[in-house]
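Some notes on the structure that comes next.
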Amino acid sequence: MPPSRRELLAGAVATAAVTAAAPLAAAAPLAAAAAPASLQGIAARRGLRFGTAVPWQAGGRDGVPVADPAYARLIAAQCGLIVAENEMKWQHLRPTPTTFAFAHFDAIMAWAEREHLAVRGHNLLWHQPKWFPRWLNDYDFGAQPHAAAEALLTTHIRTVLDRYGRRIASYDVVNEAVRPEDGKLYDTSLSKALGGPEATLDLAFHTARSAAPQAQLVYNDYMSWEPGNAAHRDGVLRLLEGFRRRGVPVDALGVQSHLVTQGIDTGAAVARLEGDWRRFLDAVTAMGYGLLITELDVRDNHLPAAIPSRDRAVADFTRAYLDITLSYPKLRDVLCWGLSDAHSWIEGFEPRPDGVKRRPTPYDVALHPKPMRAAIAAALAAAPMR
Ligand code: XIL
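Mature numbering (1 follows the signal peptide of the UniProt record, and there is no 0) puts the sequence shown at residues -27 to -1, 1 to 359.
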C-alpha cells in the first residue's frame, strides 16, 4: 500500500530533521577547516601581527566607531591590532591649548578592547607645520619661549600616556619629521622655541619613555623604496643615527609603506628597487632598531584602468615588497592604512589622473577580497618564523 500523505509528511519532516541536525554537527569541524584563515590568523602562525587603521565616523551604532557595521566586522575578523587613523593627532585631540577632546579616540579604544584588538598609538608629535592645529602654528610662547614650549609638548605627551597607560603598548612618538626633498628636519613653532628640531624630537621621546617606560617607542615615516626617495631615506638614517648618538630612547622605525606601483612589469621594477631598499633596512637594523610596517597601501600609478590587470600588478608589487621587508625578523607588525577601498585616504590625497577610482587596499568597496588580500596572506604565510 502506498504511504498516506500524512506518513509521507512525517517522513519528510524526520528526514529534514536528520539532514538538518546531523550535518550541522558533522559539518562544524569541516567548515572550520575549510574556512579561509584570517590575515591575523596567518600572521600569528609566523609570530607576526596584522592590523589596520580605523577611522571614527559619525553614524556608528552600539559603540562601533565606523558607520558600516560590515566594515567593523571585517576589521575585527581579519585583524589583531588597530590604530586610530586620525583621532590621536593634535588636530583632533587638541582643539585648544588648554583642552583635550578624547571622545572619538576613546570610542575606538573601547571598541577595540571589546573586540580583543591591540591598539597602537599614532601619533604624539607630527612634526610639520602643515599638520599642526592652527592655534599651535600661531602660538605665542611669551617671554620664556623655551619653558612654554617644553611645558606644552610634555603636557601633551604625558596626558595622553597617563590616560592610556598599558592599554597601548606601542606609540608613533614622532611622525614624519624629515623633509623628503633634502632629508633635513622640518622646523615648527615648537622647534623654533625649543632650540631646533633635534631638541624637540629628543624631548618627545624622553618624555614618552618616562611616562610609559614599558611602551615601544617608534619613529614613523614614509621614506619608501621607489625612485625619488633617496634623500628621504638618507635623512631618516641620519636622524636615527643621531638618536643613537645622543642616547634618545627610540625602539623602532615605523615604515609607513604607502607604495607606488612603477608599471605593469613588477619583476623589472622590483629588480631596480630591491638593492636600495635592503641597504636601507640593513642600516636601520644594524643600529639595533626594530621595524614595523605601519600604513600599507598602494597608489596604482602607471597602470591601465582595467581592473584585473591593475589589481594583479598591485598584488604582485605588494607581494614582492612584503617578501623583502618581512625577511627582516625584527619586523613584527604589518598594518594597512584601511582595509577597504571604500575607506582609504588615497582617493582624496592623490586621485588617478584618468579619473578612475583608486584600488589601494586589500578589499574592494563591497568588502570583497582582492588579489592584494591574497598577496598579503601569501607573504605573511611565507615569512620566516619570528
Ligand atoms: C592621513 C589620514 O588617512 C587622512 O584621513 C588625514 O586627512 C590625513 O592623514 N601618513 C600618516 C598618516 O602618518 O597619519 C596619514 O593619515 C597618512 C600619511
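For every residue, glycine included, the Cβ atom is placed at its ideal position computed from N, Cα and C.
All figures in this text were calculated on a predicted structure; none of them were measured in a lab.
C-beta atoms of residue i and residue j nearer than 9 Å
{"i": "residue 320", "j": "residue 314", "result": "yes"}
{"i": "residue 100", "j": "residue 159", "result": "yes"}
{"i": "residue 231", "j": "residue 270", "result": "yes"}
{"i": "residue 267", "j": "residue 311", "result": "no"}
{"i": "residue 287", "j": "residue 358", "result": "no"}
{"i": "residue 356", "j": "residue 46", "result": "no"}
{"i": "residue 147", "j": "residue 177", "result": "yes"}
{"i": "residue 150", "j": "residue 212", "result": "yes"}
{"i": "residue 278", "j": "residue 233", "result": "no"}
{"i": "residue 206", "j": "residue 253", "result": "yes"}
{"i": "residue 251", "j": "residue 200", "result": "no"}
{"i": "residue 192", "j": "residue 223", "result": "yes"}
{"i": "residue 23", "j": "residue 30", "result": "no"}
{"i": "residue 175", "j": "residue 216", "result": "yes"}
{"i": "residue 94", "j": "residue 56", "result": "yes"}
{"i": "residue 145", "j": "residue 96", "result": "yes"}
{"i": "residue 342", "j": "residue 335", "result": "yes"}
{"i": "residue 106", "j": "residue 60", "result": "no"}
{"i": "residue 349", "j": "residue 282", "result": "no"}
{"i": "residue 142", "j": "residue 91", "result": "yes"}
{"i": "residue 210", "j": "residue 256", "result": "yes"}
{"i": "residue 67", "j": "residue 129", "result": "yes"}
{"i": "residue 317", "j": "residue 302", "result": "no"}
For residue i, the first and last residue of its enclosing alpha helix (DSSP H)
{"i": "residue 50", "result": "42 to 51"}
{"i": "residue 240", "result": "239 to 259"}
{"i": "residue 291", "result": "280 to 299"}
{"i": "residue 350", "result": "344 to 355"}
{"i": "residue 141", "result": "Segment: none, residue 141 is in no alpha helix (DSSP H) and carries neither H nor E."}
{"i": "residue 321", "result": "319 to 322"}
N- and C-terminal bounds of the beta strand (DSSP E) containing residue i
{"i": "residue 267", "result": "263 to 272"}
{"i": "residue 128", "result": "Here residue 128 belongs to no beta strand (DSSP E); instead the alpha helix (DSSP H) covers 118 to 137."}
{"i": "residue 232", "result": "231 to 233"}
{"i": "residue 17", "result": "Counting along the chain, residue 17 falls outside any beta strand (DSSP E), though it belongs to the alpha helix (DSSP H) covering 12 to 18."}
{"i": "residue 227", "result": "225 to 228"}
Strand pairing of residue i, partner residues [DSSP]
{"i": "residue 23", "result": "307"}
{"i": "residue 369", "result": "With the chain covering only -27 through 359, there is no way to say anything about residue 369."}
CB contact below 9 Å: residue i versus chain D
{"i": "residue 47", "result": "In summary, chain D is missing from the structure at hand, where a single protein chain is found."}
*Within the stretch 147 to 209, note down every full beta strand (DSSP E) run reaching 3 residues or more, in order along the chain.*
As far as the stretch 147 to 209 is concerned, its whole beta strand (DSSP E) runs of at least 3 residues are 189 to 194.
_Complete beta strand (DSSP E) runs within the stretch 41 to 116 (minimum length 3 residues, chain order)_ = DSSP runs (the beta strand (DSSP E)) wholly in the stretch 41 to 116: 54 to 57 and 91 to 99.
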